[in-house]
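Enquirer: The structure's right below; bear with me while I get my questions together.
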């Protein structure tokens with residue numbers, strides 16, 4: 004690569020190959036020269052070396068063996084576990100916002116090279132001195148994610164808006180509640196809302212409430228389970244707030260009846276009606 008560039012761009016060059024790795028990293032500090040290296044790395048930071056600029060990478064030219072353009076850029080990406088966003092949304096948000104330029108990285112690696120301190124010590128020192136840089140990485144405490152909702156730590160209660168965000172944070176929605184999308188002037192967040200009558204939610208961190216099945220009902224808000232219809236009542240529809248009464252002089256044998264056909268004659272009575280006469 005370099006020989007082609009030297010010929011095309013008329014750069015007087017003498018090629019030197021170091022015998023040992025120690026020689027390779029020592030030569031640039033002893034002789035003013037060009038050399039191959041990468042960033043970030045502290046080995047040659049003290050030289051204040053400058054990158055040689057060539058025309059932008061041309062993939063078709065490289066495939067044809069013409070290597071006079073720059074090397075192909077290497078993408079530096081962030082990768083996370085597929086379920087990190089669901090399991091630790093705040094951590095995911097910090098990683099998403101994390102942004103550090105090469106100059107800052109070189110400063111950190113240079114600090115470690117100069118002091119010999121452990122990486123975590125160098126990182127901690129930088130964090131303490133550069134709060135204005137990393138503070139924007141931290142998620143808004145009132146920006147809740149699905150399965151969570153706004154919670155007032157002062158009152159110990161879930162709230163439905165963030166008009167006063169002073170003591171607000173995010174907590175997992177409790178059983179009997181579900182996490183609901185909220186869009187306001189500050190953006191998007193989530194609040195925990197109680198399950199409506201006719202539904203329930205036994206699990207926490209839910210995104211919806213489940214309608215009561217047939218044979219059951221729920222007449223209150225924020226319930227974790229539904230109630231079975233009492234004796235003499237039935238419910239043949241889902242998501243109901245009360246049960247239906249059996250026809251006159253009939254009752255059910257037990258609880259949780261899901262059909263009028265479970266209503267039979269009371270003790271001491273018999274059914275003399277035709278099937279077409281049944282309610």
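Numbering (my numbering), first residue to last: 4 to 282.
Note that CB positions come from ideal geometry on N, CA and C, so glycine has one too.
1. Grab the span of the beta strand (DSSP E) containing residue 194 for me, first residue to last.
2. What alpha helix (DSSP H) runs, 4 residues minimum, are completely inside the region 64-103?
3. State buried or exposed for residue 180, treating a residue as buried only when at least 16 other CB atoms are found within 10 Å of its CB.
4. Nearest-angstrom Cα distance between residue 281 and residue 249?
5. Where do the ends of the alpha helix (DSSP H) carrying residue 3 lie?
6. Using a 10 Å radius around the Cβ and a threshold of 16 neighbouring Cβ atoms, would you call residue 169 buried or exposed?
7. Tell me the DSSP secondary structure of residue 15 in three-state form.
8. Give me the Cα-Cα distance between residue 232 and residue 211, rounded to the nearest whole angstrom.
9. Could you check the C-alpha separation between residue 8 and residue 15 for me, to the nearest Å?
10. Beta carbon of residue 174, beta carbon of residue 152: below 8 angstroms?
11. If you measure between the beta carbons of residue 96 and residue 149, is that distance less than 8 angstroms?
12. The beta strand (DSSP E) with residue 183 in it runs from where to where?
13. Does the separation of the CB atoms of residue 241 and residue 216 fall below 8 angstroms?
14. Does DSSP put residue 3 in a helix, a strand or coil?
15. Which two residues bound the contiguous alpha helix (DSSP H) that contains residue 113?
16. Answer with buried or exposed for residue 252, where buried requires no fewer than 16 other C-beta atoms within 10 angstroms of its C-beta.
17. My guess is that residue 203 and residue 229 are in contact by the Cβ rule of under 8 angstroms, so how many angstroms apart are they, rounded?
Expert: With the structure as the only source:
1. In the chain shown, counting from the first residue as 1, residue 194 sits at position 191. First-last of the beta strand (DSSP E) with residue 194: 190-197.
2. 87-90, 92-100
3. As a first step, residue 180 is located in the chain shown; it is residue number 177 there, counting from the start. Classification of residue 180: buried, given that the 10 Å Cβ count is 16 or more.
4. Counting from one through the chain shown, the residue named residue 281 turns up at place 278. Counting from one through the chain shown, the residue named residue 249 turns up at place 246. Caution is warranted here: a pLDDT of 48 is assigned to residue 281, below 50, making its placement in the model unreliable, and the coordinate value is therefore given only provisionally. Near 11 angstroms, if we compare the C-alpha coordinates of residue 249 and residue 281.
5. The chain is shown from 4 up to 282; residue 3 falls before or after that span and cannot be answered.
6. The count along the chain shown starts at 1 and reaches residue 169 at position 166. Under this definition residue 169 is an exposed residue.
7. Position 12 of the chain shown, counted from the start, is the residue given in the question as residue 15. Correct three-state label for residue 15: coil.
8. Within the chain shown, numbered from 1, the residue matching residue 232 stands at position 229. Within the chain shown, numbered from 1, the residue matching residue 211 stands at position 208. Spanning the two alpha carbons is a distance of roughly 23 angstroms.
9. Against the chain shown, residue 8 aligns to sequence position 5. Against the chain shown, residue 15 aligns to sequence position 12. The alpha-carbon atoms of residue 8 and residue 15 are separated by roughly 11 angstroms.
10. What you label residue 174 is simply residue 171 of the chain shown in a count that begins at 1. What you label residue 152 is simply residue 149 of the chain shown in a count that begins at 1. Cβ distance < 8 angstroms, so residue 174 and residue 152 count as in contact.
11. Here residue 96 is taken as the residue at index 93 of the chain shown, counted from 1. Here residue 149 is taken as the residue at index 146 of the chain shown, counted from 1. Contact: no.
12. Stepping through the chain shown from its first residue, residue 183 is reached at position 180. It spans 180-187 - the beta strand (DSSP E) in which residue 183 sits, taken as one unbroken run.
13. The sequence position of residue 241 within the chain shown is 238, counting from 1. The sequence position of residue 216 within the chain shown is 213, counting from 1. For residue 241 and residue 216, yes; Cβs fall inside 8 angstroms.
14. Nothing can be reported for residue 3: it is not among the residues displayed for the chain, which extend from 4 to 282.
15. For the purposes of this step, residue 113 is taken as residue 110 along the chain shown, with counting starting at 1. Residue 113 -> alpha helix (DSSP H) spans 105-118.
16. For the purposes of this step, residue 252 is identified with residue 249 of the chain shown, where counting begins at 1. Its Cβ having fewer than 16 others within 10 Å, residue 252 is exposed.
17. In the chain shown, residue 203 corresponds to position 200, counting from 1. In the chain shown, residue 229 corresponds to position 226, counting from 1. Confirmed, Cβ separation roughly 5 angstroms.
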